[in-house]
Amino acid sequence: MQRDQVVTLMCDQLERRHIVSPSFRQHVFEREEAAGTAFGTVALPHSVYMEARQTAFSVGVAKNSIRWGERRVNIVVLAAISQNDQQRFMRLYEALITMFSEPQVATALARVRNFEQFKNVVKTNM
């Protein structure tokens, strides 16, 4: 799977759950074009706007790595953020980037094969 296919799939799932509007996907692609969102083996795509009806995260763990710009990732955390949660999201986003960039966390994340393992790595390192 390629980056655009993964983003489309994940955005479609959020749209079907009425969390985001149809324009959300395009806004995620706009953000990716402005600056990549891959940090280590994790991508954190999100919209350029805080437009979600409610804040939600969609997590995907790939069996094979996904080309994400100049990097390869095996975990994608798509963030859909509502306007009400903008400040909280910015703090969380910065904390996640810092955590995912740490060598020992990156090593642990490279071994993740499912959502439960991802969740355990995040819990252990928060």
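Just so you know, we're using the UniProt record's numbering here: the sequence shown kicks off at 1 and counts up by one.
In this text, a Cβ means the ideal position worked out from N, Cα and C, and glycines have one as well.
>> For residue 75, list the residues DSSP reports as bridge partners.
In response: 42 and 61
>> Within a Cβ cutoff of 8 Å, which residues of the same chain sit near residue 102, ignoring the five residues on either side of it in sequence?
In response: 125
> Mind checking whether the beta-carbon of residue 34 lies closer than 7 Å to any heavy atom of the ligand NAP?
Replying inline: Although the ligand NAP was asked about, the structure shown includes no ligands whatsoever.
> Smallest Cα separation from residue 64: which of 96, 23 and 114?
Replying inline: 114
> Quick one: what does DSSP say residue 67 is sitting in, helix, strand or coil?
Replying inline: strand
>> Quick check for students: name the residue ranges of the alpha helix (DSSP H) that lie wholly in the segment 93-122, counting only runs of 4 or more.
In response: 103-110
> To which residues does DSSP link residue 56 through a beta bridge?
Replying inline: 80
> residue 10 lies in the alpha helix (DSSP H); which residues open and close that run?
Replying inline: 3-16
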